[in-house]
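In short: position in the sequence shown from 1, add 39, done, that's this note's numbering.
We treat Cβ as the ideally placed atom computed from N, Cα and C, and that holds for glycine.
Input: a single structure, listed below in structure tokens.
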Amino acid sequence: MLTGRPRGTNDILPDEAARWRHVESLYRRTFLCAGYGEIRTPVFEHTELFQRGVGADTDIVEKEMYSFTDRGGRSVTLRPEGTAPVVRAYLEHGLHGQPQPIKLFYVSSPMFRYDRPQAGRYRQFHQAGAEVFGAADPAADAEVIALAAGFFRALGLRGFSVRLNSIGCPGCRPAYRERLRTYYAPHLGAVCDDCRRRFEQNPLRLLDCKRDRALAAGAPSVLEHLCGDCASHFRAVQEYLHDLGVDFVLDPGIVRGLDYYTRTVFEVVHGQLGAQSSLCGGGRYDGLVEACGGPPTPAVGFALGMERLLLTLQQEGVALPVSGGLDVFVAIAGGAGEADQARRAAAVLVARLRAEGVSADMDLAGRSLKAQMRYAAKYPARFVAIMGEEELARGTVALRDMERGTQEELSLGAVVERVRALRAACPD
């Protein structure tokens with residue numbers, strides 16, 4: 040073999056792709072039914088978008104981005120997250136000038152971060168997400184959280200919990216930052232290098248450190264330092280979630296890793312994932328549109344990792360569809376000369392079945408009839424249409440029901456309707 044796949048990437052083979060399609064389809068239905076429109080942004084953007092939007096001091100920008108200079112001398116970056124590109128599209132295409140709110144979602148969008156690969160975490164990974172622009176009401180926060188939780192429940196996932204916090208606004212957060220610095224200052228000799236840097240640049244992220252959890256657990260709570268407006272907003276979010284039947288746990292340790300968050304932040308976590316327990320995360324980012332050159336615009340959203348979600352579903356034992364097999368396999372019988380004639384007729388029948396929306400295939404390897412039947416069973420094919428010398432002479436096929444073990448002879452024109460009728464009578 041010439042080479043293997045690059046470290047931190049993954050191939051999605053047909054059976055696994057069927058599970059992805061099931062998850063993607065349910066996700067699309069969930070958000071289309073809630074009035075969201077699908078958006079697809081480029082896989083790379085100008086690097087400045089992430090430096091200004093995500094934050095120059097975040098781990099993503101400092102350590103994890105795949106950035107390079109193109110032939111025109113411009114710095115571009117493979118997108119490491121989905122919100123900043125959606126904000127850029129929202130502004131560039133004038134969506135901010137349309138009646139608000141604007142509700143958007145994306146699904147299975149490839150993202151890229153240079154990080155240590157681990158369970159459910161790759162250097163090329165895929166995210167689904169949703170964003171609401173132009174809605175300051177706490178009902179918008181509750182809606183995206185409820186939709187995320189409802190999607191997980193609809194998939195059959197049970198072992199997850201919603202963790203909720205508020206990190207305040209630019210008005211009340213500076214005082215809390217100073218309280219954190221005062222708390223952490225005596226411990227700087229014991230914390231990791233990243234935390235010493237965060238102490239100066241972004242002390243709120245000290246609470247997000249995976250290594251110094253015990254120290255973070257004793258830190259002052261941000262919920263005790265919210266201004267009146269932020270506290271009122273957070274109470275309303277909780278009331279909406281109660282009304283919507285969404286269980287949640289208050290967790291002052293959730294701050295999220297990106298600079299653009301304000302007020303509500305949340306994560307959906309699952310015990311099956313161990314240390315990397317987060318399935319989904321997001322919150323409110325009322326300053327990001329303005330930071331990207333637009334007008335002041337309230338916004339809220341979230342993103343989830345598809346690979347991690349699929350892994351969690353597997354670990355919890357949630358059954359998802361695998362490759363659906365085939366409706367009809369057309370098998371060719373007879374000697375060499377007869378087989379040539381039957382093969383042409385089989386190709387016509389397969390094309391007709393496919394045109395009518397019936398999945399169909401035929402032998403392309405010159406197998407014996409017995410080998411074709413074995414191949415059809417492994418596909419698996421629900422029906423096998425056998426075409427031999429006698430059938431060709433009569434303009435018929437022998438249609439075998441592989442589940443029931445029955446066989447009948449039909450005219451070529453009757454195959455499509457008969458397959459549909461049998462499939463409807465005994466669905467998968």
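When beta bridges are read from the DSSP output, Tyr145 appears opposite Gly168. Ser260 sits in coil when the DSSP states are folded into three classes, being neither helix nor strand. The stretch 333 to 347 and the stretch 229 to 241 do not touch, with fewer than three beta-carbon pairs separated by less than 8 Å. For the set Arg302, Leu254 and Arg433, the Cα lying nearest the Cα of Ala275 is the one of Arg302.
Fewer than three pairs of CB atoms, one per stretch, sit closer than 8 Å, so the stretch 123 to 141 makes no contact with the stretch 352 to 359.
Within the model, the alpha-carbon separation for Phe305 versus Gln277 is close to 12 Å.
For Ser64, the enclosing alpha helix (DSSP H) covers residues Pro53 to Leu71. Straight across, the Cα-Cα distance linking Arg462 with Ala415 is about 17 Å.
Counting along the chain, Gln353 sits inside the alpha helix (DSSP H) bounded by residues Met345 to Glu355. As a beta-bridge residue in DSSP terms, Gln163 pairs with Phe151. The C-beta of His165 has 16 or more other C-beta atoms within 10 Å across all chains shown, which makes the residue buried. Across the structure, Val389 and Arg459 are spaced so that their CA atoms are roughly 15 Å apart. A check of alpha carbon separations from Arg212 across Cys269, Leu194, Pro53 and Glu182 identifies Cys269 as the nearest. With respect to the C-alpha of Val369, the residue from Ser407, Pro259 and Ala185 having the closest C-alpha is Ser407.
The C-beta distance from Tyr145 to Glu77 rounds to 7 Å, short enough to fall under 8 Å. Segment contact: the stretch 105 to 114 against the stretch 55 to 75, fewer than three CB-CB distances shorter than 8 Å; contact not assigned.
Val62 and Leu194 have their alpha carbons spaced roughly 7 Å apart. Contact check between the stretch 421 to 436 and the stretch 447 to 456: three or more CB pairs, one atom from each, fall below 8 Å, which counts as touching. Secondary-structure assignment with DSSP links Cys319 through a beta bridge to Val307 and Leu343. Met412 sits in a helix when the DSSP states are folded into three classes.
Looking from the CA of Val328, the closest CA among Leu41, Gln157 and Phe172 belongs to Phe172. Per the coordinates, the alpha-carbon of Pro360 lies some 17 Å from the alpha-carbon of Ser398.
Between the alpha carbons of Val367 and Arg457 lies a distance of about 11 Å. In the displayed model, Asp290 falls within coil according to three-state DSSP, outside both helix and strand. By a beta-carbon distance limit of 8 Å, Val183 does not contact Val285. Their separation comes to about 11 Å. One alpha carbon belongs to Phe191, the other to Arg197, and they sit about 8 Å apart. Less than 8 Å separates the beta-carbon of Ala381 from that of Gly427. Here the C-alpha atom of Ala424 lies approximately 13 Å from the C-alpha atom of Arg391. Secondary structure at Leu461: helix, using DSSP grouped into helix, strand and coil. Counting along the chain, the unbroken beta strand (DSSP E) around Ala437 starts and ends at Thr435 to Asp440. Thr122 is not a Cβ neighbour of Tyr418, given a cutoff of 8 Å. For Leu289, the closest C-alpha among the options Ser147, Gly444 and Val261 is that of Val261.
Rounded to the nearest whole angstrom, the CA to CA distance from Arg152 to Tyr161 is 8 Å. Per DSSP, Leu203 is one residue of the beta strand (DSSP E) stretching across Phe199 to Ser205.
Each residue's CA atom was taken as its position, placing Ser316 and Val307 some 8 Å apart. Less than 8 Å divides the Cβ of Ile206 from the Cβ of Leu243.
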